[in-house]
Structures are given as C-alpha cells and as structure tokens.
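Each remark here refers to the structure printed beneath this line.
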Amino acid sequence: MKHMTRKATRHVNQNEGLIFEKSSAGKGAWKLPPLDVPEVDTKKLLGSSERKDLGNMPEVSEIEIIRHFTRLSTWNYAIDLGMYPLGSCTMKYNPRVNEHVARVEGLADGHPYQPEKVSQGALRILQTLSECLIDITGMDAITLQPAAGAHGEMTGLLMVRAYHQSKGNARKKILIPDALESQMNEDVAALMLTNPNTLGVFEQQIHKIADILHAKGGLLYMDGANMNALVGKVRPGDFGVDVMHLNLHKTFSTPHGGGGPGSGPVAIKKSLEPFLPTPVVIAKPDGTLGFEYNRPKSVGRVRAFYGNFGMFVRALAYIMANGPDGLRQTTEDAVLNANYMRKGLEATYDLPYSTPTMHEVVFSDKLQAKKGVRTMDIAKRLIDYGFHPYTTAFPLIVPGAMMIEPTESESKEEMDLFIEAMTSIAEEVQEDPQLVLDAPHSTRVSRLDETAAARKPVLRWKPGN
Ligand SMILES: Cc1ncc(COP(=O)(O)O)c(C=O)c1O
432 MKHMTRKATR
442 HVNQNEGLIF
452 EKSSAGKGAW
462 KLPPLDVPEV
472 DTKKLLGSSE
482 RKDLGNMPEV
492 SEIEIIRHFT
502 RLSTWNYAID
512 LGMYPLGSCT
522 MKYNPRVNEH
532 VARVEGLADG
542 HPYQPEKVSQ
552 GALRILQTLS
562 ECLIDITGMD
572 AITLQPAAGA
582 HGEMTGLLMV
592 RAYHQSKGNA
602 RKKILIPDAL
612 ESQMNEDVAA
622 LMLTNPNTLG
632 VFEQQIHKIA
642 DILHAKGGLL
652 YMDGANMNAL
662 VGKVRPGDFG
672 VDVMHLNLHK
682 TFSTPHGGGG
692 PGSGPVAIKK
702 SLEPFLPTPV
712 VIAKPDGTLG
722 FEYNRPKSVG
732 RVRAFYGNFG
742 MFVRALAYIM
752 ANGPDGLRQT
762 TEDAVLNANY
772 MRKGLEATYD
782 LPYSTPTMHE
792 VVFSDKLQAK
802 KGVRTMDIAK
812 RLIDYGFHPY
822 TTAFPLIVPG
832 AMMIEPTESE
842 SKEEMDLFIE
852 AMTSIAEEVQ
862 EDPQLVLDAP
872 HSTRVSRLDE
882 TAAARKPVLR
892 WKPGN
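Just so it is clear: in the sequence shown, position 449 is 880 by the numbering used here, and no numbers are missing.
Structure (structure tokens):
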C-alpha cells in the first residue's frame, strides 16, 4: 500500500478455527495416575446432583489448547504491543511492579471472611491508599467500595441525597454545567461536572461555580475521572468540590481493558462523612485496624465486601513507586503528550475548540467528511497502520469527534508514528477515499456490523452452526 508508514508490518496472523473443530473423541490434555485409594460410590455421595453427561465438550491435547489460545491472542491488540489513543478511557500502561505486588501470597490469597486480626496488612493497605487519595484530592474522607466510575457517581449521589434528607430537605434536582445561574435555586441538590472535561479543557470558573451552589445550599460533584490531568498540581478539595469520584483504572494505572475490575472511590468533604457506605476502616482503641459497621446515617453497602481489593494494591503500588514528584511528572507528561499530538495533527484535522489542551485533544472529521469519510472510517484505517483506534463520535457536542489521549506512557517516537499514520490516512482520504471506507484491510475480518454484533450476539457454539 502506497502510504504505509514505518509502524505497520506484515504480521503472521494464523488461521484458527473453533476449539470444537479440533476435537476428536478420546483425546485429552491430562492423564491421572492409577487410583491408589478406595473408589467412592459417586452416586451415593452426590445423589441426583451427579452429572455424567457433560454435553458437547471439546476433546483436545494440551499442545492444541496452548496453540489455540496463543494464536487467538495474536489477533488481539494490547497495550503491551502499542499505543491505545482512546480519549476519555485513559488506557495508560499498567506498570509491572503493580502486578508483582498484587501477587504477593498474603495479599493474593487473602479472603474477605478472614478475621480482622489476621487482616491487619490488608486493612493497612485500605487505610494508606485512602490517606494518599485524600491527600491527592484535598478532600476529608473517602470510600473505596464503588466498582467503577459510574458506580462512584451513584454512590456520591446517594450521599448527597442522604445529606439533604438529614437536613429535612428533599431536594431532587441535579444540574449539569450549562445555564447554572438561571437554574440555581433551593431545589437543586448538586451540580455535576467533569473537570477537566471530555474536551480536555479545564473549567476555569470552578471556584465561582462552587460559590453559586454553596450560596443556595447545593453541593458540587466533580467527576474526577480525568484527574490524570491534575494530580500533583491542583486539588479539587481546594477549589470548592464537595464530592468526587476517582477512576483508579484510569488515573492510578489499574487494569482497564477487557472489562476488567474497575474501582471508583468517592472522596468527600467532612459534611458528608456520616453518610459514607459501610463498613468504614477505623483505628480501634487497642491500636489495631478494623471495620466499623454501626453508622446509623450511612447510605449502607454499595458493594460486596470492601471493593476490588486487588485494584487497591495496584493503585497503592503505583502511588508509592512514583511518589509525589513522580505523580506530578506523570501529570505533566500526560498534558505535554496531548499537546504534542495536537500540534502534530492540527494542520491536517479540524480542531473545533482551540482552548488550551490538558490530557486529551478532540479533533473532528469535518475536512475528511467532504470526501464522504467519517471518524469511524479513519479509526478503522488506523488498525491497518498498527494502532488501536482513537475514541470515535464522543463527546457528542463535537460532530464527527476524533478523541485522542496518548497518556504519559507514550514516547515521542511512538507518538510520531501515530501522527505519521494519521497524516498518511488524511492523504489517502484525498486520493483514494474508498481505501479508507473499506478499512481495515489487514485484519482477519474486515468491517463488522457492530449493531448486529451488539443486538444479536451469537454467544454459544452449537454443532452445525
Ligand atoms: C469522564 C468520565 N466520567 C466517568 C466515566 C465512567 O467510568 P467507568 O467507565 O469506570 O464507569 C468515564 C469512563 O471512562 C469518564 O471518561
């Protein structure tokens, strides 16, 4: 292909059928030694629960299993292979040290029902991570329970509701940033805003917004999912925020892909502390740590046990490995990288907002749309160049949005390859738009019907399918 750049190479992408298609009766991946204990009558032991017919299971050898799944894994894109320019999703590299610490036996094998007295180390991790996050955000208290950013938002709003109810006030209205002054009144429980927002723009008026809300008894909820642009620089607690969530799976480098476990802690000001979900980690009079369950004003549990503990270990490892200076440097690098992308691409792609860029930058497909090529087509063509696509068509306020977030993980070299690829695709749009419209060309399957895949998924293999 004429425009291919340095990044893309031919990659051996082996054909691979279904594991059922490799199956033949009698093959197996295991062999047990002869029985040297008395045989048990399973019928007696299990009664009607015994199941002899396992249905149609694939019968394959060990090497066939290994090769099957290894080959499938080569069809995947991964952060270990290259950049994920996905804006808003913050797909940064998850350092190996996190994984190492999370696999330490006492942590990995800990059980939530284990008594407090043998869980002091785990409790210390919860407490230390809480203290670090409180320090980073400038808030007064935190719950680590929520399992995602969206779950954090719900938990935060439950606390806001409980707060107003405790004042004998059943406020129900939640505002979003547009038209604040005209809408603000004593019915408004809170305003929710994302800062920096999904255009990567910092809300400069945040102090003023907090003052307007507070003057009428409302609270300011900040979606802190984009804290990777602020850590070590400014603290939401210092600019008037009352409640906010963090996405550990974005800002604090815990795994994010493949629907892996997320974590969306909610940090709050003192006034909301009585409403924290239970249980809360406390220091007991004897100096040990433990859980406090008896908190009459609590909104109750929002998650089984204490949250995604493995994520807390990873986030704390990341915070401690970086230290305050390292975290500040990370923020600066993330913002620098997004601005590098902006500079590298603004001559080629339309930049609808020229406000200063923080951690991510949003272009639009306006120039390419004249040739009938839209953001999704360009994103698909990026795959042929060896990159994961950027975020398409979001945020909605930008028609044909192309949202790019390199994160601090990327080197100048990798970003140059990305800019080269995007520039090359823009040339292709002018010279041969059909090439881009039909992309990707290098994958095992080309353009999929994404609507059908979402609405009519075929999740089970059946013989003869
Ligand atoms: C700005 C913002 N807020 C909230 C969320 C929701 O987080 P989660 O996907 O963990 O529910 C996201 C997700 O990426 C986000 O980008």
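Each residue gets a CB set at the ideal place from its N, CA and C atoms; glycine is no exception.
Residues bridged to residue i (per DSSP)
i	result
G693	For G693, which the question treats as bridged, DSSP gives no partner whatsoever.
D571	In DSSP, D571 forms no bridge with anything.
K604	V619
S795	D781, A832
A714	L720
I699	A572, V674
R736	Residue identity check: residue 736 is Phe in the sequence provided, not Arg. Answer is G738.
D654	T625, H676
T586	DSSP, once it has assigned bridges, lists no residue as partnering T586.
T822	M834
L517	I835
C-alpha gap between residue i and residue j, whole angstroms
i	j	result
A752	E447	41 Å
R805	E704	48 Å
P526	L512	14 Å
L679	G695	6 Å
S492	R498	10 Å
V532	D540	12 Å
A449	M807	According to the sequence shown, residue 449 is Leu rather than Ala. Each residue's Cα considered, the two are about 29 Å apart.
D571	T719	22 Å
K664	D756	10 Å
P489	V468	29 Å
F633	Q799	28 Å
P543	V711	14 Å
L767	L630	15 Å
P837	D847	11 Å
L677	R759	17 Å
T822	D609	24 Å
I607	A620	11 Å
V793	N770	11 Å
V614	Q635	As written in the sequence, residue 614 is Gln, which differs from the Val given in the question. When rounded, the distance between both Cα atoms is 20 Å.
P465	V535	35 Å
T786	Y724	47 Å
Reference residue i, options the options, closest by Cα
i	options	result
D673	G693, L679, H680, D642	D642
G624	L651, G754, K647, A610	Just to set this straight, residue 624 is Leu in the shown sequence, not Gly. Nearest C-alpha to L624: L651.
R602	Y594, D669, P608	Y594
I640	G671, G648, V632	G671
Q551	G738, T882, F722	F722
C520	A852, P787, H687	H687
C563	G775, A746, Q445	A746
S842	K681, P516, S454	P516
T682	E839, Y724, P888	E839
G587	V730, H638, R726	V730
M772	T788, P783, T761	T788
E862	N487, K801, T473, L776	K801
T762	W892, K701, R666	R666
I750	I496, A656, P716, D566	D566
E851	T779, G803, G668	T779
A714	Q558, N739, A509	Q558
Proximity test, Cβ basis, 8 Å: residue i and chain B
i	result
A456	Here chain B cannot be found, since the structure has a single protein chain.
Proximity test, residue i beta-carbon vs ligand 1 heavy atom, cut-off 7 Å
i	result
G599	no
N373	It is not possible to answer for residue 373, since the shown part of the chain is limited to 432 through 896.
S519	yes
T838	no
G693	yes
N657	yes
P629	Here the sequence assigns Thr to residue 629, which means Pro is not the residue at that position. Yes, ligand 1 has a heavy atom inside 7 Å of this Cβ.
G580	yes
D403	No answer is possible for residue 403: the residues shown for the chain start at 432 and end at 896.
D764	no
D566	no
D654	yes
8 Å contact criterion, which residue i and residue j should meet: CB distance rounded
i	j	result
A765	K811	No, A765 and K811 are not in contact; Cβ-Cβ is about 26 Å, not under 8 Å.
A698	I573	4 Å
V867	E858	Not a contact, Cβ separation roughly 10 Å.
M514	F849	6 Å
M833	D796	6 Å
Q445	R502	5 Å
K523	G817	At roughly 19 Å, the Cβ-Cβ gap does not stay under 8 Å, so K523 and G817 are not in contact.
Q576	V733	5 Å
A660	H790	4 Å
G693	A579	4 Å
V744	L538	6 Å
Any non-hydrogen atom of ligand 2 closer than 7 Å to residue i Cβ
i	result
T625	What this structure holds is ligand 1, not ligand 2.
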